[in-house]
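J.: Handing you a structure now.
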Amino acid sequence: NAGVTQTPKFRVLKTGQSMTLLCAQDMNHEYMYWYRQDPGMGLRLIHYSVGEGTTAKGEVPDGYNVSRLKKQNFLLGLESAAPSQTSVYFCASNRAAKGPGELFFGEGSRLTVL
Amino acid sequence: AQSVAQPEDQVNVAEGNPLTVKCTYSVSGNPYLFWYVQYPNRGLQFLLKYITGDNLVKGSYGFEAEFNKSQTSFHLKKPSALVSDSALYFCAVRLNDYKLSFGAGTTVTVRA
Numbered sequence: 004n005a006g007v008t009q010t011p012k013f014r015v016l017k018t019g020q021s022m023t024l025l026c027a028q029d030m031n032h033e034y035m036y037w038y039r040q041d042p043g044m045g046l047r048l049i050h051y052s053v054g055e056g057t058t059a060k061g062e063v064p065d066g067y068n069v070s071r072l073k074k075q076n077f078l079l080g081l082e083s084a085a086p087s088q089t090s091v092y093f094c095a096s097n098r099a100a101k102g103p104g105e106l107f108f109g110e111g112s113r114l115t116v117l
Numbered sequence: 023a024q025s026v027a028q029p030e031d032q033v034n035v036a037e038g039n040p041l042t043v044k045c046t047y048s049v050s051g052n053p054y055l056f057w058y059v060q061y062p063n064r065g066l067q068f069l070l071k072y073i074t075g076d077n078l079v080k081g082s083y084g085f086e087a088e089f090n091k092s093q094t095s096f097h098l099k100k101p102s103a104l105v106s107d108s109a110l111y112f113c114a115v116r117l118n119d120y121k122l123s124f125g126a127g128t129t130v131t132v133r134a
C-alpha cells in the first residue's frame, strides 16, 4: 500500500537554483494538493489540482509552479529558490466524492535553501 | 474569513489522564470540521470529522470530538491518554468544495 509517495525526502539548494518535487498517488484520487508546513503556522496551501490537466492557486503560490499531466502525479517546481522557501512540503490527495476533508498525506519533503 | 484557531501551542498530560485539545472555528453557515494527527517525521493522518448529526464524533485511536455550536468549538478528547499519543494535532475547516484551512497545530506530550 504505497498511498502518496513524495520524492525526494530531503534536499539542500543554493539560492537561485531550481528543483522539482514529485508526488505520486496510487489511489486513483481526483484531487491533489501541495502544502508547506512552517513552525507555528500550520499547513498552508500552495497549489492544488481537481483533475488531470488542471491546477489552481492556493494561499501562498508565489515562487512555485505545478503541473498535473497525469492523474496520479502532481509536480511542484521552484524556478529560483529563495531562503524563504525553506520548509517541509507535503503532498496530499483525496477522492472528489469525499470533498476536501479526508486527505491522504505523503511523508513530506524537507527542503533547505541556503 | 473562515478559519479555525487552536489556542494552545502545547498540551502536557500524564499517561492515563484525560486529554483535551482545543479548537474554535469561525465560519459562515454550517461548518465541516476535521482533526488530523502528525507523528514525528510523518505526514498528517485523518482522525475524524464532523459534517452534521451527532455532536459527539468518534474517530481513530480512541479519539472523539465534541461539536458545540453555541461555543463555536470542536475540541478533541481522549478519556485516557497514552505515551504513544504524543504528536502534533491539527484542527481544520472546509472552505469550499476543494480546500481546507488548518489551524497552527497543538503539540501534545504525554508523560509516562
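First to last, the sequence lines map onto chains A and B.
Per the numbering used here, the first sequence starts with residue 4, numbered consecutively.
Per the numbering used here, the second sequence starts with residue 23, numbered consecutively.
Quick reminder that beta carbons are idealized off the backbone N, C-alpha and C, glycines included.
Here the structure is a predicted model, which is why all the values come from computation and not from measurement.
Give a yes or no on whether the minimum CB-CB distance between residue 127(B) and chain A is below 9 Å.
T.: So yes, residue 127(B) belongs to the interface.
J.: Just tell me which of 132(B), 63(B) and 94(B) has its CA closest to the CA of residue 72(B).
T.: The shortest Cα separation from residue 72(B) among 132(B), 63(B) and 94(B) belongs to 94(B).
J.: Looking at chain A, is there any beta carbon in it that lies within less than 9 Å of the beta carbon of residue 124(B)?
T.: Chain A contact via Cβ: present.
J.: Between the alpha carbons of residue 83(B) and residue 104(B), how many angstroms are there, rounded?
T.: Roughly 10 Å separates the two Cα atoms.
J.: Would residue 121(B) be called buried (16 or more neighbouring beta carbons within 10 Å of its own) or exposed?
T.: Buried.
J.: Please specify which runs of the beta strand (DSSP E), each continuous and at least 3 residues long, are wholly inside the region 58–117 of chain A, giving them in chain order.
T.: Entirely contained in the region 58–117 of chain A, the beta strand (DSSP E) runs reaching 3 residues are, in chain order, 68–70, 76–81, 90–97 and 112–116.
J.: Per DSSP, residue 38(A) is paired with what?
T.: According to DSSP, which records beta bridges pairwise, residue 38(A) is partnered with 48(A) and 93(A).
J.: Counting only the same chain and skipping the five closest in sequence on each side, list residues whose C-beta sits under 6 Å from that of residue 5(A).
T.: 29.
J.: Pick helix, strand or coil for residue 79(B), following the three-state DSSP scheme.
T.: Residue 79(B): strand per DSSP, three-state reduction.
J.: Does the beta-carbon of residue 44(A) have 16 or more other beta-carbons within 10 angstroms, so that it is buried, or is it exposed?
T.: Residue 44(A) comes out exposed.
J.: Roughly how many whole angstroms lie between the Cα atoms of residue 57(B) and residue 82(A)?
T.: Cα to Cα, residue 57(B) sits roughly 34 Å from residue 82(A).
J.: At a CB distance below 8 Å, what residues from the region 66–88 of chain A approach chain B? Give them in sequence order.
T.: Answer set for the region 66–88 of chain A: empty.
J.: Tell me the start and end of each unbroken beta strand (DSSP E) in the region 79–126 of chain B that is at least 3 residues and wholly inside, in chain order.
T.: If we require 3 residues or more, the beta strand (DSSP E) runs fully inside the region 79–126 of chain B come out as 86–90, 95–100, 109–116 and 122–124.
J.: Are residue 40(A) and residue 90(A) close, meaning C-beta to C-beta below 9 Å?
T.: Yes.
J.: Whole angstroms is fine: what's the gap from residue 13(A)'s alpha carbon to residue 109(A)'s?
T.: Looking at the two C-alpha atoms, the distance is approximately 13 Å.
J.: Could you tell me if residue 41(B) is buried or exposed, where buried requires 16 or more neighbouring beta carbons within 10 angstroms of its beta carbon?
T.: Its Cβ being crowded by 16 or more others within 10 Å, residue 41(B) is buried.
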